[in-house]
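Enquirer: Here UniProt numbering is used: position 17 in the sequence shown is 17, and no number is missing along the way. Note that the Cβ used here is the ideal one computed from N, Cα and C, for glycine as well. This is the structure I want to talk about, given as structure tokens.
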Amino acid sequence: MDKDELVTRLALAAGKGDKAALTELIKLTQKDVWRLLAHLSSPEEADDLTQETYLRVISALPRFQGRSTAKTWLITLARRVWIDQIRREQSRPKKSVTEYEDVQHSTPPEWSELVDVRLLLHDLPPERREALVLTQVLGYSYEEAAKIAGVRVGTIRSRVARARKDLMS
């Protein structure tokens, strides 16, 4: 049995109240969920977003029926948590330019800071960042990424291509 099958079986058992299955499910999937959220948001926010994801997972497990793999289902829930975070951030008042100037470094950044991939990813539009992280970082196929994002495969391919172009320019 491969990992995806095992995770799906654990999710189905956890949905029926098996606490040991829930513990094992979290243990097997937490790293992937955290990695996705760290790339989509930031490593600093990933812990909180991962925790929120698993709170949603626990409440939704009784309704999980295994129509897709549990891993795809979990990543989809994590994606929704991230989107909700973006919506919350967009609804908050924006800081003024002078507030940002106060927190800037007085010395120029090191070269390693300039080439930090996380910064490059963070500058991408959220939908392109999501497509790139799902396919190129986490290794989901374009079909799986499309299912997670709720879009067509061609849309994922286009977003990945545009993200690559954005990163190269």
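1) Quick check on DSSP: helix, strand or coil for glutamine 65?
2) Among Ile75, Gly15, Ile83, which has the Cα closest to the Cα of proline 125?
3) Tell me, to the nearest whole angstrom, how far the beta carbon of arginine 157 is from that of tyrosine 142; I am working on the premise that it is less than 8 Å.
4) Counting only C-beta atoms, is isoleucine 26 closer than 8 Å to chain C at any point?
5) Quick one: residues in its chain with C-beta nearer than 6 Å to the C-beta of valine 160, no 5 flanking neighbours on either side, listed in chain order?
6) Might you give, ordered along the chain, the residues of its own chain that have their beta carbon closer than 7 Å to the beta carbon of aspartate 166, omitting 5 neighbours on each side?
7) Cα-Cα, which of Thr69, Glu45, Glu44, Val33 is closest to arginine 56?
8) If I'm right that alanine 149 touches arginine 67 with Cβ under 8 Å, what's the distance once you round it to whole angstroms?
9) Ends of the alpha helix (DSSP H) at aspartate 4?
10) Give me the Cα-Cα distance between lysine 19 and glutamate 45, rounded to the nearest whole angstrom.
11) Comparing C-alpha positions only, which one of Leu40, Val137, Arg63, Ala70 sits nearest to isoleucine 86?
12) Counting C-beta neighbours from all protein chains within 10 Å, is the total for glutamate 89 16 or more, i.e. buried, or is it exposed?
13) How big is the Cα-Cα spacing for arginine 63 and serine 91?
14) According to the neighbour-count rule (16 or more other Cβ atoms, all chains shown, within 10 Å of its Cβ), is threonine 29 buried or exposed?
15) Closest to alanine 163 by C-alpha separation, out of Val137, Glu144, Lys147, would be which residue?
Expert: From the atom records:
1) Within the sequence shown, residue 65 is the residue found at index 65, counting from 1. When DSSP states are grouped into helix, strand and coil, glutamine 65 belongs to the coil group.
2) Your numbering for residue 125 matches position 125 in the sequence shown. Ranked by Cα distance from proline 125, the options Ile75, Gly15, Ile83 are led by Ile83.
3) Taking the first residue of the sequence shown as position 1, residue 157 is located at position 157. Taking the first residue of the sequence shown as position 1, residue 142 is located at position 142. Rounded, the Cβ-Cβ distance is 6 Å, consistent with contact.
4) Looking for chain C here will not work: only one protein chain is present.
5) Against the sequence shown, residue 160 aligns to sequence position 160. So the list reads Ala131, Leu132, Thr135, once near-sequence residues are dropped.
6) Along the sequence shown, read from residue 1 onward, the residue named residue 166 stands at position 166. The residues are Leu124, Arg128.
7) Indexing the sequence shown from 1 puts residue 56 at position 56. Taking each of Thr69, Glu45, Glu44, Val33 in turn and checking the Cα distance to arginine 56, the smallest one comes out for Val33.
8) The residue labelled residue 149 in the question sits at position 149 within the sequence shown. The residue labelled residue 67 in the question sits at position 67 within the sequence shown. Not confirmed; about 17 Å, so no contact.
9) Residue 4 sits at position 4 when you count from the first residue of the sequence shown. Where aspartate 4 is concerned, the enclosing alpha helix (DSSP H) starts and stops at 3–15.
10) On the sequence shown, residue 19 is found 19 positions in, with the first residue counted as 1. On the sequence shown, residue 45 is found 45 positions in, with the first residue counted as 1. So the alpha carbons of these two residues sit roughly 27 Å apart.
11) Numbered from its first residue, the sequence shown carries residue 86 at position 86. Residue Leu40 is the option with its Cα nearest to isoleucine 86.
12) Within the sequence shown, residue 89 is the residue found at index 89, counting from 1. The residue in question, glutamate 89, is exposed, as its Cβ has fewer than 16 Cβ neighbours within 10 Å.
13) Numbered from its first residue, the sequence shown carries residue 63 at position 63. Numbered from its first residue, the sequence shown carries residue 91 at position 91. So the alpha carbons of these two residues sit roughly 31 Å apart.
14) What you label residue 29 is simply residue 29 of the sequence shown in a count that begins at 1. Buried, by the Cβ-count rule.
15) Position 163 of the sequence shown holds residue 163. The shortest Cα separation from alanine 163 among Val137, Glu144, Lys147 belongs to Val137.
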